[in-house]
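Everything below concerns the one structure shown next.
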Amino acid sequence: MTSYNKLSLRIGLTPTSDCNYLPGEQEQLGVVMDHQWLTPLGYGVLIASGYRRSGTALYRPMCQSCQACTPLRVNCEQFAPSKSQKRQLNQMKKLRWEFKPNLDPDWFALYERYIRLRHAGGTMYPANKEQFFDFCTAAWMDTLFLHVYEDDKLIAVAITDVFDDALSAVYSFFEPESSLSLGTLCVLYQIQYGRQTGRKWLYPGYQIDHCKAMNYKVRFKPYQKLIDGCWK
């Protein structure tokens with residue numbers, strides 16, 4: 000078995016570019032260059048150090064003038080839902096959910112509708128199967144697909160990386176015209192699955208306080224933030 004505390008970790012910096020989340024800021028990423036880290040065990044070490052996966056690449060923000068992206072993880076064992084989350088947990092009772100190793104055959108119709116109605120101005124429009132798998136999956140990573148059904152109709156999918164002691168939320172898409180809070184429900188299902196399978200942490204991604212699309216993670220408590228190299 001590889002001893003990752005003895006491996007070198009070379010980081011390559013991407014060119015600076017306009018930040019996708021905070022207007023006026025410049026983004027720069029540090030990308031892991033050593034392929035020995037590209038395993039579930041290697042990524043398990045790095046995600047606990049603030050790294051994330053995009054496709055086959057592991058990265059973390061290394062912006063020169065901004066520290067807004069804060070790694071965050073939710074304690075699945077001790078999760079205590081808020082009042083609104085308790086209402087959403089009640090919504091879950093009329094839904095069926097399952098983690099699967101592969102996507103259902105009708106997943107792309109749902110994904111295409113989600114991208115067309117929610118992200119028509121983004122880089123993932125128009126929806127493309129090859130682009131989706133390049134972004135969401137890696138052959139070296141253990142990944143499951145959360146499927147959520149309402150009356151046997153697929154209404155949400157959440158791509159979830161699986162570690163021995165944790166889960167990582169990669170990406171989710173859902174029925175864009177549903178009255179349910181499906182994005183929140185996907186996180187609640189992931190937390191529930193973590194508890195059921197004895198996994199302590201859910202890594203939902205970076206918390207960005209001043210970005211509406213990326214500041215929801217602090218609603219799931221208790222959580223820890225990675226600050227100055229320590230989880231607090």
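Numbering (numbering that gives the first Met the number 0) for the sequence shown: 0 to 231. The C-beta atom is built at its ideal place from N, Cα and C for all residues, glycine as well. From a predicted model like this one, the values you see are computed outputs, not experimental measurements.
By a beta-carbon distance limit of 8 angstroms, Leu153 does not contact Gln87. Their separation comes to about 19 angstroms. Rounded to the nearest whole angstrom, the C-alpha separation of Tyr113 and Trp36 is 33 angstroms. Within the model, the alpha-carbon separation for Val217 versus Gln206 is close to 7 angstroms. Arg86: member of the alpha helix (DSSP H) spanning Lys82 to Gln90, first to last residue. A contact is defined here as three or more CB-CB pairs under 8 angstroms, and the segment 61-72 meets this definition with respect to the segment 19-31. For Ala108, the three-state secondary structure derived from DSSP is helix.
Here Asp17 carries a strand assignment [DSSP, helix/strand/coil].
For Arg194, the enclosing alpha helix (DSSP H) stretches over residues Leu181 to Gln195. No Cβ-Cβ contact shorter than 7 angstroms links Val161 with Asp133. When secondary structure is reduced to three states using DSSP, Arg51 falls in the strand class. The residues Arg112, Tyr113, Leu116 and Arg117, in chain order, have a CB closer than 7 angstroms to that of Pro175 in the same chain once the five nearest residues on each side in sequence are set aside.
Between Val30 and Thr13 a beta carbon distance of about 6 angstroms is seen, short of the 8 angstroms cut, so the two are scored as contacting. DSSP places Pro22 outside both helix and strand once states are collapsed to three, so it counts as coil. Cβ neighbours of Gln63 within its own chain (closer than 6 angstroms, five residues either side excluded): none.
Counting every other CB atom within 10 Å of its CB across the protein chains shown gives Ala212 a total below 16, marking it as exposed. Trp230 sits in a strand when the DSSP states are folded into three classes. Counting along the chain, Leu45 sits inside the alpha helix (DSSP H) bounded by residues Pro39 to Ile46.
Ala108 counts as exposed, since fewer than 16 other beta carbons sit within 10 angstroms of its beta carbon. In the structure shown, His146 falls within a strand segment according to DSSP collapsed to helix, strand and coil. The continuous alpha helix (DSSP H) containing Glu129 extends over residues Lys128 to Cys135. A residue is called buried when at least 16 other Cβ atoms come within 10 angstroms of its Cβ; His146 meets this threshold and is buried. According to the DSSP assignment, Ser167 belongs to the beta strand (DSSP E) that extends over Ala165 to Phe173.
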